[in-house]
Each structure stands twice: as structure tokens, then as C-alpha cells.
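Here is the structure we will look at, set down as C-alpha cells.
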Amino acid sequence: QALEADALHFSTDIWSSAVVIAGLVFVWLGQHVFPRFRAVLSRADAVAALGVACIVVFVSYRLGKRTVEVLLDGAPDGMAQQFKDAAGAVDGVLDVGQIRVRRSGPRLFVDMNIVRDRNLSFERAHAIADAVEKEVRRISPGADVVIHTDPREADRENIAKRIRAVANRN
199 QALEADALHF STDIWSSAVV IAGLVFVWLG QHVFPRFRAV LSRADAVAAL
249 GVACIVVFVS YRLGKRTVEV LLDGAPDGMA QQFKDAAGAV DGVLDVGQIR
299 VRRSGPRLFV DMNIVRDRNL SFERAHAIAD AVEKEVRRIS PGADVVIHTD
349 PREADRENIA KRIRAVANRN
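Going by my numbering, the sequence shown opens with residue 199, and the numbers climb by one from there.
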């Protein structure tokens, strides 16, 4: 963030200087080349100063907005919904619970809870979590992803599956 702020400050200085030079050129043109337009062109310096002020305000707003997003661990808009939709489409995912997405530097961190059938084997539950993680990384390559699976009763469990779930729990 500090390097980005310094780069923006440097580019603002360049643009501001260019606007001031343009204003001075117009004033000079009004006094020496186009004396007929002296009244209009003599105001170019003031217009240039307003241009510099607008540039500074615009760049400061953009930098401030980005800095606040970073300080608040902001994530790109709509990213959590994309992850939720992708995870919900994975076979074996019954529901998608809480999703936390934050950015730290260039990396995106994703913590997600998914709901799966409580009667699945450990290997199958792990395979589902891996598939969800793969989908998240397809959307955001290089993301640091943590998937937590929550077991839940499936919509239509027969009596044998219910007994197995009770036995496994005890």
C-alpha cells in the first residue's frame, strides 16, 4: 500500500505539473500571440489550478478507498456469491453455509462451510471438500481455501440410514 501510494503521488505530481504548464502556456499565448483573446486566456492559470485540485481530489479518493478496503479485509464485490454458486453445484453438497472472503495483499482467503450428508464416509466427505476447493480455485487461482464440512440429515433418509447415523454418533 505504501509503494502504491508513493506511485500515485508521483503520477499526480506529473499530471499536476503538466496541467500547470499548459495553463501557463495559454496565458503566455494570450499575452504574446493572441492579444485579442488576452482576457479569456489570462484565466487559463486559474482553470489549471482547478484542474490540479480535481486531479488531487480524484487520486486521493481512489487511494483512500483502496486503503480502507485493505484495512477492513475487503473482498471483491460478488465474489462470495460466485463461490457459493460454484460450491452448491458440486455433487454431494446439500447446502452452503457461511462464507468469509478477504484479501490480504495479492492473495484471497476463503473460509467456507458446506453441508453434506451425515452418512457419507470420511473419504467421500473429504472428496467433496476437495471438489469445492478446486471450484473455488478455478474462480480465483492462488486463493488460500479452507473448507469445513457439516454433517446433516439428508432430506429423505430411510430408517436404516437413521439407525446408522445414531450408531456412528454413539
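Think of the CB as a built atom: it goes at the ideal place given N, C-alpha and C, for glycine as much as any other residue.
These figures come from a predicted structure and were not determined experimentally.
Item to complete: Go ahead and pull the three-state DSSP assignment for L292.
Response: For the purposes of this step, residue 292 is taken as residue 94 along the sequence shown, with counting starting at 1. In the structure shown, L292 sits in a strand (DSSP, three-state: E or B).
Worksheet item: What does a CB cutoff of less than 6 Å around F235 pick up in its chain, not counting 5 residues either side in sequence?
Response: Here residue 235 is taken as the residue at index 37 of the sequence shown, counted from 1. Contacts found: G228.
Worksheet item: Between R301 and P274, is the Cβ-Cβ spacing less than 9 Å?
Response: For the purposes of this step, residue 301 is taken as the residue at position 103 of the sequence shown. For the purposes of this step, residue 274 is taken as the residue at position 76 of the sequence shown. Yes, the Cβ-Cβ distance between R301 and P274 is below 9 Å.
Item to complete: Take S203 as the anchor and find which of V217, H230 and V266 has the nearest alpha-carbon.
Response: The count along the sequence shown starts at 1 and reaches residue 203 at position 5. Checking the sequence shown, residue 203 turns out to be Ala, not Ser. Out of V217, H230 and V266, the CA that lies nearest to the CA of A203 is found in V266.
Worksheet item: Which residues does DSSP pair with M277 in a beta bridge?
Response: Numbered from 1 along the sequence shown, position 79 holds the residue referred to as residue 277. As computed with DSSP, M277 is found in no beta bridge at all.
Worksheet item: Okay, do the segment 280 to 290 and the segment 251 to 261 touch, 3+ Cβ pairs below 8 Å being the bar?
Response: Note that the segment 280 to 290 does not touch the segment 251 to 261; fewer than 3 beta-carbon pairs, one per stretch, sit closer than 8 Å.
Discussion item. Do A325 and V334 count as a contact pair if the criterion is CB distance below 9 Å?
Written reply: Taking the first residue of the sequence shown as 1, we reach residue 334 at position 136. Taking the first residue of the sequence shown as 1, we reach residue 325 at position 127. Between V334 and A325, the C-beta gap is not smaller than 9 Å, which leaves the two residues out of contact.
Worksheet item: What is the DSSP secondary structure of R300, counted as helix, strand or coil?
Response: Counting from 1 along the sequence shown, the entry for residue 300 is found at position 102. Strand, per DSSP.
Discussion item. What would DSSP say about L270, mapped onto helix, strand or coil?
Written reply: Indexing the sequence shown from 1 puts residue 270 at position 72. Of the three classes helix, strand and coil, the one that applies to L270 here is coil, per DSSP.
Worksheet entry | Residues bridged to V343 (per DSSP) | Reading the sequence shown from its first residue, position 145 is the one you call residue 343. DSSP lists V308 as partners of V343.
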